[in-house]
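There are 2 protein chains.
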Amino acid sequence: MKIAFAQLSPVHGDTPATVALVAEAARAAAADGARLIVFPECFLTGGSFDDRAALLQAAVDIERGDLAPILLAAREADIHVVVGFYQKSGPQALNTAALIGPEGIIGLHHKMHLPFMIGDRFADIPQIEGPSVFDTAIGRIGLAICYEIRFPEVIRTLALEGAELVVLPAAWPEAARILPDLFSRVRAAENFVYFLSSNRIDVDDGMAFMGSSHVIGPDGNEIFNAGMQEGIFTVDIDLARARTKSIIRDPGVYEVHPFRDRRPQDYRICAAPAALWLEA
Amino acid sequence: MKIAFAQLSPVHGDTPATVALVAEAARAAAADGARLIVFPECFLTGGSFDDRAALLQAAVDIERGDLAPILLAAREADIHVVVGFYQKSGPQALNTAALIGPEGIIGLHHKMHLPFMIGDRFADIPQIEGPSVFDTAIGRIGLAICYEIRFPEVIRTLALEGAELVVLPAAWPEAARILPDLFSRVRAAENFVYFLSSNRIDVDDGMAFMGSSHVIGPDGNEIFNAGMQEGIFTVDIDLARARTKSIIRDPGVYEVHPFRDRRPQDYRICAAPAALWLEA
Numbered sequence: 001m002k003i004a005f006a007q008l009s010p011v012h013g014d015t016p017a018t019v020a021l022v023a024e025a026a027r028a029a030a031a032d033g034a035r036l037i038v039f040p041e042c043f044l045t046g047g048s049f050d051d052r053a054a055l056l057q058a059a060v061d062i063e064r065g066d067l068a069p070i071l072l073a074a075r076e077a078d079i080h081v082v083v084g085f086y087q088k089s090g091p092q093a094l095n096t097a098a099l100i101g102p103e104g105i106i107g108l109h110h111k112m113h114l115p116f117m118i119g120d121r122f123a124d125i126p127q128i129e130g131p132s133v134f135d136t137a138i139g140r141i142g143l144a145i146c147y148e149i150r151f152p153e154v155i156r157t158l159a160l161e162g163a164e165l166v167v168l169p170a171a172w173p174e175a176a177r178i179l180p181d182l183f184s185r186v187r188a189a190e191n192f193v194y195f196l197s198s199n200r201i202d203v204d205d206g207m208a209f210m211g212s213s214h215v216i217g218p219d220g221n222e223i224f225n226a227g228m229q230e231g232i233f234t235v236d237i238d239l240a241r242a243r244t245k246s247i248i249r250d251p252g253v254y255e256v257h258p259f260r261d262r263r264p265q266d267y268r269i270c271a272a273p274a275a276l277w278l279e280a
Numbered sequence: 001m002k003i004a005f006a007q008l009s010p011v012h013g014d015t016p017a018t019v020a021l022v023a024e025a026a027r028a029a030a031a032d033g034a035r036l037i038v039f040p041e042c043f044l045t046g047g048s049f050d051d052r053a054a055l056l057q058a059a060v061d062i063e064r065g066d067l068a069p070i071l072l073a074a075r076e077a078d079i080h081v082v083v084g085f086y087q088k089s090g091p092q093a094l095n096t097a098a099l100i101g102p103e104g105i106i107g108l109h110h111k112m113h114l115p116f117m118i119g120d121r122f123a124d125i126p127q128i129e130g131p132s133v134f135d136t137a138i139g140r141i142g143l144a145i146c147y148e149i150r151f152p153e154v155i156r157t158l159a160l161e162g163a164e165l166v167v168l169p170a171a172w173p174e175a176a177r178i179l180p181d182l183f184s185r186v187r188a189a190e191n192f193v194y195f196l197s198s199n200r201i202d203v204d205d206g207m208a209f210m211g212s213s214h215v216i217g218p219d220g221n222e223i224f225n226a227g228m229q230e231g232i233f234t235v236d237i238d239l240a241r242a243r244t245k246s247i248i249r250d251p252g253v254y255e256v257h258p259f260r261d262r263r264p265q266d267y268r269i270c271a272a273p274a275a276l277w278l279e280a
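Line by line, the protein sequences give chains A and B.
Following full-length UniProt numbering, the residues of the first sequence are numbered contiguously, the last one being 280.
Following full-length UniProt numbering, the residues of the second sequence are numbered contiguously, the last one being 280.
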């Protein structure tokens, strides 16, 4: 199955124009045979704001129909789209990744772990207790956003819920290079999932992003990395590979089964109240 | 503080001779100023056995005094030692890493996650529900063994219990190279801990190990890697660095607090019974 990501610059400060760009890129990817195209974090709205009011002013309102051109493109071109934006949802300001399919919005992931930087300083932590995993016509897709790659529990929960492909829209500056270089590969390998990060390449209010959008296989090997190239990139994957959670080199002699061998009863501290680390 | 690891060949099939070698290396490391020396997994006994009886025959019996020369060296030289071996404990055959200090045995970690290979095929899973973290005169040390690096929950629980240095004796063949190359660095960086893996370099019953014993800093950068060199290697570390669980690049503008930002209530699936993945 072909999947794609778009390492493009948004139209800064113009969400309708960026929405149109996303719709156009989705149609182009579909014409190239892709069943999914992924855009970075905060792609539709930008990510840098000086206060909450400015963030809410720029935020996407799904109810108002802000995503309509993307929904139309997904339906007409028969493609799935993942795209990130700040979302106004009632009184809340959320950092959201939307999974859109030909049938409409399949799921929304609201970033649960917010770094104290860019607009996330002014966004709300959603009240969610469960992983963002969605069944689609092309497979079982898990969503997380950017900083959430730092939390092994996040991608683990997606995999335990059966995600075959984890999609992580990102906005990583150079200082975060360890995340695409190392964390992505380990998140894929430790969970035996495909992993797709779509990162920005533009400059947003002085912050420069580092590109390096990539697709990792369930063995942790990088299949493709876009570096700082601009464009739409398509990769062929086989999601069935992500359903095998064992490595069997010599049956009965050398086998590892990292999912079967988990000992959840010993991991309770991971899910215990976090009193210990409430440092400033 | 100086810490060391020994990338040496054991005396195959001769546990008393290997115990003597460990005691001698511990004295040498102490003379060089090291406060800790770490040896690989199954170093005292070898790791490859064809059946459980052979494994139990070769296993270390702590009650019998098999470790006495190491205990003596640790006391006389005022050094801490971590060393791995198969252990006979009552009716059980366990894969054990012992943390020994000048005052005697400080703690034992029994490998909880057993790959289906080498002697681990015939070993027992211990009934443990809690992380192997031990306070010592030189800092708070967490223990895990080899394959357990594949489980993000294992090292996470050690860090949540306050481990500053995670010590992981290993017996990795070339096929497992992703573990020292990528997993070690991410385990250190995601938990902001020092990470020391001591791997074998010898050949044991046809299985060749890949060395690459190493020390990683809490930022995920490798401080030293021994490659395939034989010897005792000493590294200077500052455990205070492992007590800071945040990255603050620009106060109030760019801060990340990956421990404070954890959302344990959303990780319950990590600690839930593992019905889903009981595949063969």
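Positions of the beta carbon are idealized from the N, C-alpha and C atoms, including for glycine.
Tell me whether the beta-carbon of residue i lies closer than 8 Å to the beta-carbon of residue j.
i                     : j              : result
A163 (chain B)        : I141 (chain B) : yes
V154 (chain B)        : A144 (chain B) : yes
A175 (chain B)        : R249 (chain A) : yes
F43 (chain A)         : F85 (chain A)  : yes
A137 (chain B)        : I70 (chain B)  : no
T15 (chain B)         : A77 (chain B)  : no
L108 (chain A)        : A98 (chain A)  : yes
V81 (chain A)         : V19 (chain A)  : no
residue 289 (chain A) : L160 (chain B) : No statement about residue 289 (chain A) is possible, as the shown extent of chain A runs from 1 to 280 and does not include it.
G101 (chain A)        : A74 (chain A)  : yes
L180 (chain A)        : E190 (chain B) : Checking the sequence, you will find Pro at residue 180 (chain A) rather than Leu. Taking 8 Å as the Cβ cut-off, P180 (chain A) and E190 (chain B) do not qualify as a contacting pair.
Go ahead and pull the three-state DSSP assignment for residue i.
i              : result
S184 (chain B) : helix
R262 (chain A) : coil
V19 (chain A)  : helix
D78 (chain B)  : coil
F122 (chain B) : helix
I3 (chain A)   : strand
A93 (chain B)  : strand
R35 (chain B)  : coil
A25 (chain A)  : helix
R268 (chain B) : helix
I70 (chain A)  : helix
L99 (chain B)  : strand
E279 (chain A) : For E279 (chain A), the predicted model reports a pLDDT of 47, less than 50, meaning its position is unreliable and no value from the coordinates is stated.
E190 (chain A) : helix
Roughly how many angstroms separate the alpha carbons of residue i and residue j, rounded to a whole number?
i              : j              : result
V186 (chain A) : V11 (chain A)  : 33 Å
F192 (chain B) : G217 (chain B) : 8 Å
E230 (chain B) : S198 (chain A) : 43 Å
F5 (chain B)   : F233 (chain B) : 6 Å
A30 (chain B)  : K111 (chain B) : 27 Å
R260 (chain B) : R52 (chain B)  : 45 Å
K2 (chain B)   : V235 (chain B) : 6 Å
Y194 (chain B) : L67 (chain A)  : 46 Å
G252 (chain B) : I118 (chain A) : 10 Å
H214 (chain A) : R121 (chain B) : 37 Å
S184 (chain A) : E148 (chain A) : 11 Å
A54 (chain B)  : G139 (chain A) : 47 Å
W277 (chain A) : R156 (chain A) : Low confidence applies to W277 (chain A): its pLDDT is 49, below 50, so where it sits in the model is not reliable, and the reading given next is rough at best. So the two alpha carbons sit approximately 21 Å from each other.
E279 (chain A) : R262 (chain B) : Because the pLDDT of E279 (chain A) is 47, which lies under 50, any placement of that residue in the model is unreliable, and the number read from its coordinates should be weighed accordingly. C-alpha separation (whole angstroms): 12 Å.
A17 (chain A)  : S9 (chain A)   : 12 Å
P258 (chain A) : M210 (chain B) : 21 Å
M207 (chain A) : P173 (chain A) : 7 Å
G13 (chain B)  : D61 (chain B)  : 15 Å
Q87 (chain B)  : P126 (chain B) : 12 Å
D202 (chain B) : E24 (chain A)  : 58 Å
How far does the alpha helix (DSSP H) with residue i in it extend, from its first residue to its last?
i              : result
Q229 (chain A) : Run containing Q229 (chain A): none; DSSP gives neither H nor E here.
I201 (chain B) : Unbroken run through I201 (chain B): none, as it is neither H nor E.
T157 (chain A) : P152 to L160
L55 (chain B)  : R52 to A58
Please report the residue range of the beta strand (DSSP E) in which residue i lies.
i                     : result
V215 (chain B)        : H214 to I216
residue 281 (chain B) : Residue 281 (chain B) is absent from the model: chain B starts at 1 and stops at 280.
L168 (chain B)        : L165 to P169
G107 (chain A)        : G104 to H110
I141 (chain B)        : G139 to L143
V133 (chain B)        : V133 to T136
D250 (chain B)        : I247 to D250
The region 28-43 of chain A / the region 165-185 of chain A touching (three or more Cβ pairs under 8 Å): Contact holds: three or more Cβ-Cβ distances are below 8 Å.
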